[in-house]
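A.B. asks: Residue numbers (our numbering): 585 to 834.
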């Protein structure tokens, strides 16, 4: 369901509920000897707060899982690339340095070129995949090479397969975003929660002010935290290229 359709449904339900209340009060007005039902207002305020807490938790779990998955992909990619670099020792002499140079170039490309683009949510070009293909070609051995060198070349290809898979996961994580529907619920729920605090608050003004300030600050902090975690490769709370830097000094 698109965001616009969701908003239409939500506003439609709210309008129908408001119309039902108006009809009820017109057909069954409150008698002079009856007191207003304050417990109904308190119940509604409590339900809004509970539902908003659920939305907050869902948003936090969603963005944290994306950020954690992005960090796992980075670690797996850097680790497999480092293993490829180390396996160069078992390859023929004419293959060792080209493989090491290409592996280092790949790590530098990820850190210097791709990382700023991912932080800005820009799509990555194909240059990284080109370097990965160069790594595969650099690990090729001829039929005249030793059996041990053929085994090492196969192991290099296996590690490059891990690099390939982790790279695809990293690229996918860079483009993931929190659902617009969840963002809508997050903002509307926060506004409703604060509105109920103003309408049905504590009678003591000082206590009321302190509670509203604390709740407003906490909601603002949580929304900003979700906003930062929604960028899995952002500068503040996103995954970092430390794994590539640690292995290659990129």
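We put the CB at the ideal spot given by N, CA and C, even for glycine.
Using 8 Å as the threshold, is the stretch 758–776 in touch with the stretch 799–816, meaning 3 or more CB pairs across them?
C.D. replies: The stretch 758–776, when compared against the stretch 799–816, does touch it at the 8 Å Cβ threshold.
A.B. asks: For residue 704, tell me which candidate among 664, 830 and 815 has the shortest Cα-Cα distance.
C.D. replies: Looking up residue 704 in the chain shown gives position 120. When only C-alpha atoms are compared, the closest one is 815.
A.B. asks: Tell whether a beta-carbon distance below 8 Å holds between residue 668 and residue 744.
C.D. replies: For this step, residue 668 is matched to residue 84 along the chain shown. For this step, residue 744 is matched to residue 160 along the chain shown. Yes. Within cutoff.
A.B. asks: If we count Cβ pairs, one from each stretch, closer than 8 Å, do we get three or more for the stretch 695–704 versus the stretch 677–685?
C.D. replies: Contact between the stretch 695–704 and the stretch 677–685 is absent, because fewer than three Cβ pairs lie under 8 Å.
A.B. asks: Three-state secondary structure (DSSP) at residue 814?
C.D. replies: Along the chain shown, read from residue 1 onward, the residue named residue 814 stands at position 230. Three-state result, residue 814: coil.
A.B. asks: Taking only runs of the beta strand (DSSP E) that begin and end inside the stretch 693–753, which ones reach a length of at least 3 residues, in chain order?
C.D. replies: Listed in chain order, there is nothing to give.
A.B. asks: Determine the closest residue to residue 760 out of 626, 637, 640 and 653, with distance taken between C-alpha atoms.
C.D. replies: Along the chain shown, read from residue 1 onward, the residue named residue 760 stands at position 176. Of the candidates 626, 637, 640 and 653, the one whose C-alpha sits nearest the C-alpha of residue 760 is 653.
A.B. asks: Assign residue 756 to buried or exposed, taking buried as 16 or more other Cβ atoms, counted over all protein chains shown, within 10 Å of its Cβ.
C.D. replies: The count along the chain shown starts at 1 and reaches residue 756 at position 172. Exposed.
A.B. asks: How many Å lie between residue 525 and residue 763 at the Cα?
C.D. replies: Lying before the first or after the last residue shown, residue 525 is absent from the chain, which here runs from 585 to 834.
A.B. asks: Cβ of residue 820 within 8 Å of Cβ of residue 799?
C.D. replies: Residue mapping note: residue 820 aligns to position 236 of the chain shown, counting from 1. Residue mapping note: residue 799 aligns to position 215 of the chain shown, counting from 1. Contact: no.
A.B. asks: Leaving out the 5 sequence neighbours to the left and right, which residues in its chain are closer than 6 Å to residue 774 when beta-carbon positions are compared?
C.D. replies: Here residue 774 corresponds to residue number 190 of the chain shown, with the count starting at 1. Excluding positions up to five away in sequence, the list reads 803.
A.B. asks: Around the C-beta of residue 721, are 16 or more other C-beta atoms found within 10 angstroms, so that it is buried, or is it exposed?
C.D. replies: Translated into positions along the chain shown, residue 721 becomes position 137. That one is exposed.
A.B. asks: Just the Cα atoms here: how many angstroms apart are residue 645 and residue 830?
C.D. replies: In the chain shown, counting from the first residue as 1, residue 645 sits at position 61. In the chain shown, counting from the first residue as 1, residue 830 sits at position 246. Distance between the alpha carbons of residue 645 and residue 830 is about 29 Å.
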